[in-house]
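2 protein chains.
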Amino acid sequence: MPHKKLKLADLAKLAGVSTSTASRALNDNPLIKKETRERVQKLAKEHNFSLNAAASRLRLQKTKVIAVLINLDSETEQSIDDPFLLKVVSDINLAVNRQGYELLLSNSFMAGTDWYGYFIDGRRADGVIVVGQGKQQALIDKAAKAGMPLVVWGDPKTDADYVVVGSDNFLGGELAAEHLIDKGSKNPMFLGDPAHAELSERYGGFCAGAERAGVTATQLLKIDITSQAAYDAINHKLRNDGLDFDGIFACSDMVALGAMKALKERYVSIPNDVHVVGFDDIAMADISFPSLTTIRQDTRQAGELLVKKLLAQLSGQKVSSSQLEIALIERQSS
Amino acid sequence: MPHKKLKLADLAKLAGVSTSTASRALNDNPLIKKETRERVQKLAKEHNFSLNAAASRLRLQKTKVIAVLINLDSETEQSIDDPFLLKVVSDINLAVNRQGYELLLSNSFMAGTDWYGYFIDGRRADGVIVVGQGKQQALIDKAAKAGMPLVVWGDPKTDADYVVVGSDNFLGGELAAEHLIDKGSKNPMFLGDPAHAELSERYGGFCAGAERAGVTATQLLKIDITSQAAYDAINHKLRNDGLDFDGIFACSDMVALGAMKALKERYVSIPNDVHVVGFDDIAMADISFPSLTTIRQDTRQAGELLVKKLLAQLSGQKVSSSQLEIALIERQSS
DNA sequence: CTGAAAGCGCTAACAT
DNA sequence: ATGTTAGCGCTTTCAG
Numbered sequence: 001m002p003h004k005k006l007k008l009a010d011l012a013k014l015a016g017v018s019t020s021t022a023s024r025a026l027n028d029n030p031l032i033k034k035e036t037r038e039r040v041q042k043l044a045k046e047h048n049f050s051l052n053a054a055a056s057r058l059r060l061q062k063t064k065v066i067a068v069l070i071n072l073d074s075e076t077e078q079s080i081d082d083p084f085l086l087k088v089v090s091d092i093n094l095a096v097n098r099q100g101y102e103l104l105l106s107n108s109f110m111a112g113t114d115w116y117g118y119f120i121d122g123r124r125a126d127g128v129i130v131v132g133q134g135k136q137q138a139l140i141d142k143a144a145k146a147g148m149p150l151v152v153w154g155d156p157k158t159d160a161d162y163v164v165v166g167s168d169n170f171l172g173g174e175l176a177a178e179h180l181i182d183k184g185s186k187n188p189m190f191l192g193d194p195a196h197a198e199l200s201e202r203y204g205g206f207c208a209g210a211e212r213a214g215v216t217a218t219q220l221l222k223i224d225i226t227s228q229a230a231y232d233a234i235n236h237k238l239r240n241d242g243l244d245f246d247g248i249f250a251c252s253d254m255v256a257l258g259a260m261k262a263l264k265e266r267y268v269s270i271p272n273d274v275h276v277v278g279f280d281d282i283a284m285a286d287i288s289f290p291s292l293t294t295i296r297q298d299t300r301q302a303g304e305l306l307v308k309k310l311l312a313q314l315s316g317q318k319v320s321s322s323q324l325e326i327a328l329i330e331r332q333s334s
Numbered sequence: 001m002p003h004k005k006l007k008l009a010d011l012a013k014l015a016g017v018s019t020s021t022a023s024r025a026l027n028d029n030p031l032i033k034k035e036t037r038e039r040v041q042k043l044a045k046e047h048n049f050s051l052n053a054a055a056s057r058l059r060l061q062k063t064k065v066i067a068v069l070i071n072l073d074s075e076t077e078q079s080i081d082d083p084f085l086l087k088v089v090s091d092i093n094l095a096v097n098r099q100g101y102e103l104l105l106s107n108s109f110m111a112g113t114d115w116y117g118y119f120i121d122g123r124r125a126d127g128v129i130v131v132g133q134g135k136q137q138a139l140i141d142k143a144a145k146a147g148m149p150l151v152v153w154g155d156p157k158t159d160a161d162y163v164v165v166g167s168d169n170f171l172g173g174e175l176a177a178e179h180l181i182d183k184g185s186k187n188p189m190f191l192g193d194p195a196h197a198e199l200s201e202r203y204g205g206f207c208a209g210a211e212r213a214g215v216t217a218t219q220l221l222k223i224d225i226t227s228q229a230a231y232d233a234i235n236h237k238l239r240n241d242g243l244d245f246d247g248i249f250a251c252s253d254m255v256a257l258g259a260m261k262a263l264k265e266r267y268v269s270i271p272n273d274v275h276v277v278g279f280d281d282i283a284m285a286d287i288s289f290p291s292l293t294t295i296r297q298d299t300r301q302a303g304e305l306l307v308k309k310l311l312a313q314l315s316g317q318k319v320s321s322s323q324l325e326i327a328l329i330e331r332q333s334s
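Chains as they are written, first to last, in the UniProt record's numbering: chain P, 1 to 334; chain X, 1 to 334.
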């Protein structure tokens, strides 16, 4: 069965044409007569012929590949755990494929510190989508400066030389604050880590929204952005300070769910004693009990836009950052 | 800034050696004098030199790329939603990188029906890891027959010509049944769809375990394997049949969480009225309230093993399927 | 220990 | 409308 590999020259011979004709025919070049094109294509299908991508890329100097670089904060090489991030990647994948590109899944471990050299000079990809700004943006800056075709999923308000696509995090924070206060919260608390670009915006919006609604008694509980950390922090706080808050705006749904678990275990009623709002709208938000009110990020549109902007860059256009709309999804937790 | 691309020949000139020496030096070929090697390598680093992967692949006839093919059942192109699957991919990614390979993230949309042609002949990857056997395995079979280096994440008991790595699903089912009965369940129910290879094993083990424990009053509630479907199905069943079960073995954690939501909304107590056991041990299992007893699958080891077996195949070794150990993690839901 | 040169399979400029 | 051919940048055989 191990059929032997046909090369373009073999296919051309089978079709009784030259390699250039075969090449053009496969690429549907109108220079070639329609019948010839179809004959070659049919033959290719019959023999399960595939162009050698390596040869093609060498010749064309482009790869038709987009790299997705997952930019984790953690120093230790670690697998990703946040369902939201993975959802973003999955939606990017869809969008990339829809444009006829392939997706190289990468990370800082492989790419090292010279992203331009690795991806572009190394002819591994034509452009890169970075998922997650994280805390340190030096490498992103460096790659952008080197002229790497690049789009970043992060906070679009970032003042940087590269293109960012992301949700309106500030507005999301405002909406959350307003909603909590609307529901009767007098002492809402932000749960997260404003050191991250995106979360700093969410926190800023939260404070602004609360202030505008006349609430100044806001708190900030700074934690690692994992559900475990949220669970621990809420437990710790209840033990030490008692229940001195009546609303939580969590920086992500996973964080919100961790916090809710701690509350439920201590018989703090949600939403009666504490109103909770999350961020992201992951699948679990709807499935948790009580279901979680949250700020929905449109990952589908995000993928679409990230890819569109990257391809625009590749075709030499000047593109700029843009902000995705978000929406508050009201459920039982508030 | 846009530095211009160095090719190997340029680097060689800078180093005052021939391209062949430069090439060997970069690959740490001991044929080259140590000092020369180091001089070339240092120069390469200084100039951010990267080999052109396309040229290298064309010459070597191998890519140092492993493709991961996510095999979804759904006809419609769709983004993946199950956090467990994504966790598996993420752990494969880690393992692939650790071996110095890169990861091409693909799907049936891109690969079409001739996987051998697309990946191997097309020189896109040296081998493929398929995640998810799904219901239809014809394409996997076809690729395996064609001689494609291939490892599948699925049920290792599968009687097939290809190598499968997966958990001991049957044992998992048995453990779940025994545990439920141990906890006092007299009428345990399986929630899932035995049409999937892996789930059929889980169901088989569940039945066998129950029978051995002297319980014959098991039920099967056949549903799509999503949390939403589980939620709907449990609601529907409670409305129609009342509470005629006192234990649930869900085919996945997401399904279990959906079922639990329906139970909680109708004030059915977990675990007092109904004991619940899930499968996978996703992050949410620990965060849900009550936390979810489940069968843990070791995705880290899975990634490691999948890659190891694939690389063994690439180096011409004969490899066979193998089973990962699973463990019951007892939490509050049972 | 190092260099010269062939050739991997494709595409496109340049014939015809 | 199609064919001839050069050359993309690398690795490795063969020759020193």
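Even for Gly, the Cβ is constructed at its ideal location relative to N, Cα and C.
On a predicted model such as this, the values are computed, not experimentally measured, just so you know.
Neighbourhood of residue i by C-beta, 8 Å cutoff - its chain only, sequence neighbours within 5 removed
i                      : result
residue 113 of chain X : 139, 142
residue 76 of chain P  : Confidence is the limiting factor: at residue 76 of chain P the pLDDT is only 42, short of 50, which leaves the residue's position unreliable and the question unanswerable from this model.
residue 193 of chain X : 199, 222, 223, 224, 225, 251
residue 231 of chain X : 258, 259, 261, 262
residue 421 of chain P : Outside the displayed span of chain P (1 to 334) sits residue 421 of chain P, for which this structure offers no information.
residue 88 of chain X  : 131, 153, 299, 302, 303
Other residues of its chain near residue i: CB distance less than 7 Å, five sequence neighbours each side excluded
i                      : result
residue 207 of chain P : 218
residue 156 of chain X : 164, 165, 166, 321, 322, 323
residue 185 of chain P : 246, 247, 275
residue 120 of chain P : 148
Residue range of the unbroken alpha helix (DSSP H) whose run includes residue i
i                      : result
residue 83 of chain X  : 83–98
residue 294 of chain P : Where residue 294 of chain P is concerned, there is no enclosing alpha helix (DSSP H), although the beta strand (DSSP E) it sits in stretches over 293–297.
residue 54 of chain X  : 53–60
residue 255 of chain P : 253–265
residue 170 of chain X : 169–182
residue 323 of chain X : Not the alpha helix (DSSP H): residue 323 of chain X falls in the beta strand (DSSP E), residues 322–324.
residue 26 of chain P  : 19–26
CA nearest to the CA of residue i, picked from the options
i                      : options                    : result
residue 128 of chain X : X/70, X/171, X/225         : X/70
residue 133 of chain X : X/121, X/178, X/197, X/187 : X/197
residue 341 of chain P : P/40, P/264, P/31          : Because chain P in this structure spans residues 1 to 334, residue 341 of chain P falls outside the shown range and cannot be described.
residue 83 of chain P  : X/183, X/283, X/65         : X/283
residue 246 of chain P : P/229, P/23, P/257, P/268  : P/268
residue 323 of chain P : P/329, P/301, P/330, P/315 : P/301
residue 86 of chain X  : X/325, X/327, X/280, X/317 : X/280
residue 236 of chain P : P/266, P/19, P/47, P/214   : P/266
residue 330 of chain P : P/239, P/188, P/315, P/178 : P/178
residue 319 of chain X : X/162, X/332, X/60, X/249  : X/162
residue 109 of chain P : X/94, X/332, X/22, X/126   : X/94
residue 60 of chain P  : P/115, P/21, P/125         : P/125
residue 101 of chain P : P/116, P/122, P/65, P/115  : P/65
residue 273 of chain X : X/90, X/56, X/188          : X/188
Per-residue DSSP class, three states only, for residue i
i                      : result
residue 212 of chain P : helix
residue 304 of chain X : helix
residue 234 of chain P : helix
residue 275 of chain P : strand
residue 219 of chain P : strand
residue 280 of chain X : strand
residue 240 of chain X : helix
residue 107 of chain X : strand
residue 67 of chain P  : strand
Any non-hydrogen atom of the ligand ADP closer than 7 Å to residue i Cβ
i                      : result
residue 186 of chain P : Inclusion of the ligand ADP in the displayed structure is not the case, the ligand content being empty and no account of it being possible.
Nearest-angstrom beta carbon gap, residue j and residue i [assumed within contact, 8 Å]
i                      : j                      : result
residue 306 of chain X : residue 153 of chain X : 6 Å
residue 278 of chain X : residue 292 of chain X : 5 Å
residue 68 of chain P  : residue 105 of chain P : 6 Å
residue 242 of chain P : residue 202 of chain P : Not quite, the Cβ-Cβ distance comes to about 26 Å (not below 8 Å), so this is no contact.
residue 345 of chain P : residue 210 of chain P : No statement about residue 345 of chain P is possible, as the shown extent of chain P runs from 1 to 334 and does not include it.
residue 270 of chain P : residue 333 of chain P : 5 Å
Segment limits, beta strand (DSSP E) that includes residue i
i                      : result
residue 190 of chain P : 188–192
residue 328 of chain X : 327–329
residue 14 of chain P  : No beta strand (DSSP E) contains residue 14 of chain P, which is instead part of the alpha helix (DSSP H) from 8–15.
Sequence-distant residues of its chain with Cβ nearer than 6 Å to residue i (five each side left out)
i                      : result
residue 327 of chain X : 296
residue 168 of chain X : 323, 326
residue 48 of chain P  : none
residue 9 of chain X   : 19
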